[in-house]
Amino acid sequence: MTLTETNPPAEAVAAGDDLGPPTGAVAAGDDLSPATRASVPQWTPPTGLARILSSGDYLTVGRMYVAFSLLLSGLALALGVLIGIEKADIDGGFGVFANSNELFQMFGLYRITLILCGLVPLFLGLATVVIPRQLGAGSLAFPRAAAAAFWTWLVGSIAHIAATFSYGGLGSIEAGAARGQSVELTVLSLGMIGLGLLVGSGVVFTTLVTQRPPGMDLLQMPAFSWSMLVAAGVWLFSLPVLLANLTISWVDMRGSDAVGFGAAEVPFEMVAWAFDAPQVYAWTIPLLGIIAEVFAAAHRSVPKLFEPMAFIVGAFGFLSFGAWAQSFFDSADPRAADAHVVTDEVLFTVFALAIALAVLAYGGWLAFNAYAAGRRPEITPQFALAVVSGALLTLAAVAGVLRVAEPALGVLREADGDIWRGFFDAMDDLEGSSLVTGMMSFAVLGGLLAAVAGLFHWAPRLLGRPLSAPLGFLSVLPLAGGAILIGATDALSGFFDQPARPYEAGNPPYGPGHFDEIDALGFVEAMNVIGLIGAIAVLGGLALVAANAARGLVGMPTAESDPGEDS
Amino acid sequence: MADIVVGAPLAAPPSRPRTLLVGTVFGTAASLMYFAALLGVYLRERADALSGGGDWIPSSADIQLAQPTVAAWTMLMSAVTMQWAVYAIARDDRAHALMATALTALFGLSVVVMTSFQYTEMGLAADESVAAVLIYAISGSHLAMIAVGLVFLLLMAFRALASQYSSRQTDGFVAASIYWYAVVFVYVVIWTAIFVLK
Numbered sequence: 001m002t003l004t005e006t007n008p009p010a011e012a013v014a015a016g017d018d019l020g021p022p023t024g025a026v027a028a029g030d031d032l033s034p035a036t037r038a039s040v041p042q043w044t045p046p047t048g049l050a051r052i053l054s055s056g057d058y059l060t061v062g063r064m065y066v067a068f069s070l071l072l073s074g075l076a077l078a079l080g081v082l083i084g085i086e087k088a089d090i091d092g093g094f095g096v097f098a099n100s101n102e103l104f105q106m107f108g109l110y111r112i113t114l115i116l117c118g119l120v121p122l123f124l125g126l127a128t129v130v131i132p133r134q135l136g137a138g139s140l141a142f143p144r145a146a147a148a149a150f151w152t153w154l155v156g157s158i159a160h161i162a163a164t165f166s167y168g169g170l171g172s173i174e175a176g177a178a179r180g181q182s183v184e185l186t187v188l189s190l191g192m193i194g195l196g197l198l199v200g201s202g203v204v205f206t207t208l209v210t211q212r213p214p215g216m217d218l219l220q221m222p223a224f225s226w227s228m229l230v231a232a233g234v235w236l237f238s239l240p241v242l243l244a245n246l247t248i249s250w251v252d253m254r255g256s257d258a259v260g261f262g263a264a265e266v267p268f269e270m271v272a273w274a275f276d277a278p279q280v281y282a283w284t285i286p287l288l289g290i291i292a293e294v295f296a297a298a299h300r301s302v303p304k305l306f307e308p309m310a311f312i313v314g315a316f317g318f319l320s321f322g323a324w325a326q327s328f329f330d331s332a333d334p335r336a337a338d339a340h341v342v343t344d345e346v347l348f349t350v351f352a353l354a355i356a357l358a359v360l361a362y363g364g365w366l367a368f369n370a371y372a373a374g375r376r377p378e379i380t381p382q383f384a385l386a387v388v389s390g391a392l393l394t395l396a397a398v399a400g401v402l403r404v405a406e407p408a409l410g411v412l413r414e415a416d417g418d419i420w421r422g423f424f425d426a427m428d429d430l431e432g433s434s435l436v437t438g439m440m441s442f443a444v445l446g447g448l449l450a451a452v453a454g455l456f457h458w459a460p461r462l463l464g465r466p467l468s469a470p471l472g473f474l475s476v477l478p479l480a481g482g483a484i485l486i487g488a489t490d491a492l493s494g495f496f497d498q499p500a501r502p503y504e505a506g507n508p509p510y511g512p513g514h515f516d517e518i519d520a521l522g523f524v525e526a527m528n529v530i531g532l533i534g535a536i537a538v539l540g541g542l543a544l545v546a547a548n549a550a551r552g553l554v555g556m557p558t559a560e561s562d563p564g565e566d567s
Numbered sequence: 568m569a570d571i572v573v574g575a576p577l578a579a580p581p582s583r584p585r586t587l588l589v590g591t592v593f594g595t596a597a598s599l600m601y602f603a604a605l606l607g608v609y610l611r612e613r614a615d616a617l618s619g620g621g622d623w624i625p626s627s628a629d630i631q632l633a634q635p636t637v638a639a640w641t642m643l644m645s646a647v648t649m650q651w652a653v654y655a656i657a658r659d660d661r662a663h664a665l666m667a668t669a670l671t672a673l674f675g676l677s678v679v680v681m682t683s684f685q686y687t688e689m690g691l692a693a694d695e696s697v698a699a700v701l702i703y704a705i706s707g708s709h710l711a712m713i714a715v716g717l718v719f720l721l722l723m724a725f726r727a728l729a730s731q732y733s734s735r736q737t738d739g740f741v742a743a744s745i746y747w748y749a750v751v752f753v754y755v756v757i758w759t760a761i762f763v764l765k
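Protein chains in written order, with this note's numbering: chain Y, 1 to 567; chain A, 568 to 765.
The following block contains the structure:
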């Protein structure tokens with residue numbers, strides 16, 4: 001080979017380096033004498049806690065997300081156990097909570113902590129660690145913004161929990177009760193949580209769009225990256241709505257007397273859509289990507305027909321956007337003849353059915369890939385967890401369909417009431433029953449199990465070494481069994497009219513004579529006891545996972561020392 | 568073995584990832600969604616109140632259209648000066664870019680002052696009605712959006728002073744302009760939904 005070109009002209013180099021340090025500054029630095037250099041204080045990188053607090057290293061930030069979100073998930077599940085104890089004796093009550101207001105506040109805190117302090121940041125933590133490596137990028141797009149998002153979320157989470165326990169909570173269901181001392185702090189801290197998650201999502205989204213290597217288009221990304229792109233997009237449109245709801249409540253509270261949005265239990269109603277269908281599915285979108293990757297690894301194959309899968313995940317994401325389905329878009333008088341109630345709308349029914357179809361299509365795609373791989377899967381803890389999380393999502397979709405079955409099949413009722421009467425009687429009033437709670441539990445716990453599967457799958461990257469497989473299998477049983485029990489018992493009790501919200505304004509929780517509408521009280525109480533056992537099992541399983549992960553904490557690599565293995 | 572042709576043009580440098588632009592578009596989209604939600608609740612509550620035959624804005628309040636209209640025109644003018652800044656930096660005219668950025672910021676500050684003055688004049692207590700709560704929530708959020716935009720402009724101006732932006736690299740100014748256009752757009756929607764419709 002002949003090489004005859006000379007160096008480019010000096011001015012071309014200068015023009016091309018428009019973002020580099022000013023030439024003058026470099027020259028000035030070069031002029032320093034050795035004595036002057038010695039007198040200039042040298043910057044030393046922080047160590048210990050200061051290093052963690054000031055780190056923009058994506059591995060450190062991702063690990064902190066994972067560690068704290070696991071911790072907060074455990075706290076949420078412990079709250080679930082307390083609520084479960086109270087529900088275990090419907091007509092007597094165990095007196096865990098002094099009044100309905102406490103139960104109402106813990107009920108809200110349970111949902112917020114499980115989803116916004118546990119599930120979503122766990123996915124973000126995995127994405128923070130995994131996505132730069134899957135794209136071959138050196139770091140996240142905005143590493144300092146990622147760190148700021150994490151700390152905003154963490155401080156908001158701690159403040160939110162502390163405020164709720166300090167007679168805060170999202171309002172009060174006691175008639176005429178004065179606003180709690182810390183309700184405003186509860187609202188503000190929930191805003192911090194939402195803002196932190198929004199910025200974190202933005203960092204992940206921007207990384208996925210801008211940090212791909214040349215030649216890699218969006219549909220060539222690994223499945224988890226694609227699912228996070230869809231998730232971040234949906235969260236982009238959901239979280240600002242949550243922030244807007246909170247802003248309205250907070251402004252109302254600034255006056256001497258709240259006139260609507262900050263009064264009574266309305267602050268919780270303002271954000272309740274985030275924990276109900278279809279939005280609850282939006283928090284679980286990365287589940288689809290994790291399952292795809294874990295399945296491919298277990299079958300030792302490359303996913304086939306990636307584009308249809310990408311379309312299904314995109315459709316699932318689109319259908320799960322649920323900010324429109326909030327009760328604040330209902331008519332002022334829901335009993336009026338021309339009332340508009342979101343959950344009665346055709347759109348709500350169509351979305352529930354379409355989400356079920358998307359889940360079904362995704363299951364078909366997984367089955368096709370398992371068949372096309374032509375070999376049995378390697379059974380690992382993550383594979384078992386992925387299978388169960390997929391099953392839980394399917395159960396959530398089924399529960400969602402049952403919830404809207406009554407209006408959806410109303411035409412058949414008109415056609416032949418005799419044949420369908422028993423069926424429709426069972427379907428009546430499922431909206432507002434604990435079937436809705438069961439659906440949420442299936443979806444959210446499915447997402448949690450998928451995130452734990454991801455933790456096992458990417459443990460070498462996250463912790464520097466794989467997690468213990470025997471300990472992993474030991475945790476699969478309580479996690480899977482407990483999650484199914486929690487969701488199934490609530491779903492079944494819904495058919496016997498157990499209400500979705502286990503509190504009633506003006507009444508003590510679960511005292512005699514309340515919730516008279518519940519049929520087969522003994523059966524429902526038995527279901528609630530089984531559900532309580534499930535909650536304890538999931539909490540135990542999560543503790544096992546945390547213990548397993550803690551074994552890998554020693555000698556974790558940082559981004560600088562990471563050898564840079566595969567995707 | 569292939570020879571390299573002497574004098575052939577050098578390969579184009581790899582395209583710079585437009586990280587700031589994408590991040591700003593993400594943030595701007597989130598801001599728009601935030602205001603869409605606020606205005607959605609506002610319009611829904613307003614429709615319910617009016618369909619019930621009642622007043623929406625309390626009769627004791629005096630919400631004039633003049634100040635919001637002047638503020639809307641000021642915002643629209645700031646969109647022009649913002650585009651002027653982008654146009655100038657794309658032609659290496661740093662002086663005009665900085666002047667246009669300063670004018671844009673001045674217009675933004677003027678709207679903050681006008682809105683604050685209007686608060687004192689309209690006689691609407693925040694705990695008076697649902698309409699008052701929503702009007703303060705929406706207009707106050709827009710003031711916060713303007714404040715973020717001013718900080719963004721200030722940062723871009725400092726970076727332009729440090730010669731980081733030129734015709735070869737305009738991302739910062741383009742990003743700031745995208746956000747600022749959203750600020751202007753939101754105000755025009757607020758002007759229509761709140762002050763014109765009342």
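Note that the Cβ used here is the ideal one computed from N, Cα and C, for glycine as well. Predicted model only: the values in this text are computed from it and were never measured.
Contact with chain A by L198 of chain Y, beta-carbon distance below 8 Å: Chain A contact via Cβ: present.
Name the one or two DSSP bridge partners that Q736 of chain A has. Answer is A:S733.
Under 9 Å Cβ-Cβ, which residues of chain A neighbour D257 of chain Y? For a Cβ distance threshold of 9 Å, residue set D694 of chain A lies close to D257 of chain Y, ordered along the chain.
Cα separation between L236 of chain Y and G202 of chain Y? So the alpha carbons of these two residues sit roughly 7 Å apart.
Please determine whether the Cβ atom of S434 of chain Y lies at a distance below 7 Å from any heavy atom of the ligand SAH. The model on display carries no ligand, and the ligand SAH is accordingly not part of it.
Straight-line gap, Y748 of chain A to D57 of chain Y (C-alpha atoms, nearest Å): Distance between the alpha carbons of Y748 of chain A and D57 of chain Y is about 34 Å.
Whole angstroms is fine: what's the gap from I486 of chain Y's alpha carbon to I530 of chain Y's? The straight-line gap from Cα to Cα measures roughly 8 Å.
Minimum Cβ-Cβ distance from G56 of chain Y to chain A less than 8 Å: No, G56 of chain Y does not count as interfacial toward chain A.
Check the Cβ-Cβ distances between G739 of chain A and every residue of chain Y, and say whether any is below 8 Å. Cβ-Cβ to chain Y under 8 Å: no for G739 of chain A.
Go to D330 of chain Y, then tell me how far its alpha helix (DSSP H) extends in each direction, as first and last residue. No residue range can be given for D330 of chain Y, since it is assigned to no alpha helix (DSSP H) and is classified by DSSP as neither H nor E.
Per DSSP, what are the beta-bridge partners of S433 of chain Y in this structure? Under DSSP, S433 of chain Y takes part in a beta bridge, and its partners are Y:P499.
Can you check whether the C-beta of T343 of chain Y is within less than 8 Å of a C-beta belonging to chain A? At least 8 Å separates the CB of T343 of chain Y from every CB of chain A.
Use the C-beta contact count for P45 of chain Y: other C-beta atoms within 10 angstroms, 16 or more gives buried, fewer gives exposed. Label assigned to P45 of chain Y: exposed.
Residue environment, V230 of chain Y, which counts as buried when at least 16 other CB atoms sit within 10 Å: V230 of chain Y should be labelled buried.
Between the C-alpha atoms of G446 of chain Y and L287 of chain Y, what's the straight-line distance to the nearest angstrom? Those two C-alpha atoms are separated by around 8 Å.
Excluding five sequence neighbours on each side, which residues of the same chain lie with their C-beta closer than 6 Å to the C-beta of F602 of chain A? For F602 of chain A, where only same-chain residues beyond five positions count, the Cβ hits under 6 Å are V753.
Does DSSP put G404 of chain Y in a helix, in a strand, or in coil? It should be noted that the sequence gives Val, not Gly, for residue 404 of chain Y. V404 of chain Y: coil per DSSP, three-state reduction.
Quick check: what's the CA-CA separation for F368 of chain Y versus P240 of chain Y? Near 38 Å, if we compare the C-alpha coordinates of P240 of chain Y and F368 of chain Y.
Hey, would you say Q326 of chain Y sits closer than 8 Å to M221 of chain Y, going by beta carbons? The answer is no: Cβ separation not under 8 Å.
Just to confirm my understanding: we take G317 of chain Y, look at its own chain, exclude 5 residues before and 5 after, and list those with CB closer than 6 Å. What are they? V230, V234, I285.
Return the chain-ordered list of same chain residues with a C-beta closer than 8 Å to the C-beta of F762 of chain A, the five sequence neighbours on each side being excluded. By the criterion of a C-beta distance shorter than 8 Å, F762 of chain A is surrounded in its chain by I630, L632, P635, T636, once the five residues flanking it on both sides are discounted.
Burial state of A664 of chain A (16 or more Cβ within 10 Å): By the 10 Å Cβ count, A664 of chain A comes out buried.
Can you tell which of Y:W365, Y:R51, Y:S73 has the C-alpha that lies nearest to the C-alpha of G540 of chain Y? Closest by alpha carbon: Y:S73.
Could you tell me whether the Cβ of L236 of chain Y comes closer than 8 Å to any Cβ of chain A? At a cut-off of 8 Å, the C-beta of L236 of chain Y has a neighbouring C-beta in chain A.
Closest by C-alpha distance to T47 of chain Y, when choosing among Y:V40, Y:P41, Y:T60: Checked all of Y:V40, Y:P41, Y:T60; the closest Cα to T47 of chain Y is Y:T60.
Suppose contacts are defined by Cβ-Cβ distances below 8 Å. Is L194 of chain Y in contact with F150 of chain Y by that definition? The residue you asked about is not Leu; residue 194 of chain Y is Gly in the sequence shown. Here G194 of chain Y is not near F150 of chain Y, since their CB atoms are 8 Å or more apart.
Helix, strand or coil for L568 of chain Y per DSSP? Residue 568 of chain Y cannot be examined here, being either before or after the span of chain Y that is shown, 1 to 567.
Can you tell me which of the three DSSP states L239 of chain Y falls into? Note: L239 of chain Y maps to helix in three-state DSSP.
How is G690 of chain A classed by DSSP in three states: helix, strand or coil? Coil at G690 of chain A, not helix or strand.
With 8 Å set as the bound, which would you pick, yes or no: does the beta-carbon of T687 of chain A sit closer than that to a beta-carbon of chain Y? No, no contact with chain Y.
With three or more beta-carbon pairs closer than 8 Å as the criterion, would you say the segment 610 to 622 of chain A touches the segment 640 to 647 of chain A? With a cut-off of 8 Å, the segment 640 to 647 of chain A and the segment 610 to 622 of chain A do not count as touching, because too few Cβ pairs lie within range.
For I248 of chain Y and F261 of chain Y, I'd like the C-alpha separation in whole angstroms. Spanning the two alpha carbons is a distance of roughly 7 Å.
Is any beta-carbon of chain Y found at less than 8 Å from that of G707 of chain A? For G707 of chain A, the nearest beta carbon of chain Y is closer than 8 Å to its own beta carbon.
Would a check of beta-carbon distances place T152 of chain Y closer than 8 Å to chain A? No, T152 of chain Y does not count as interfacial toward chain A.
Once the 5 residues before and after A272 of chain Y are set aside, which same chain residues still bring their CB inside 8 Å of it? Contacts found: Q326, S327.
Comparing the C-beta of L728 of chain A with each C-beta of chain Y, is any distance below 8 Å? L728 of chain A does not count as touching chain Y.
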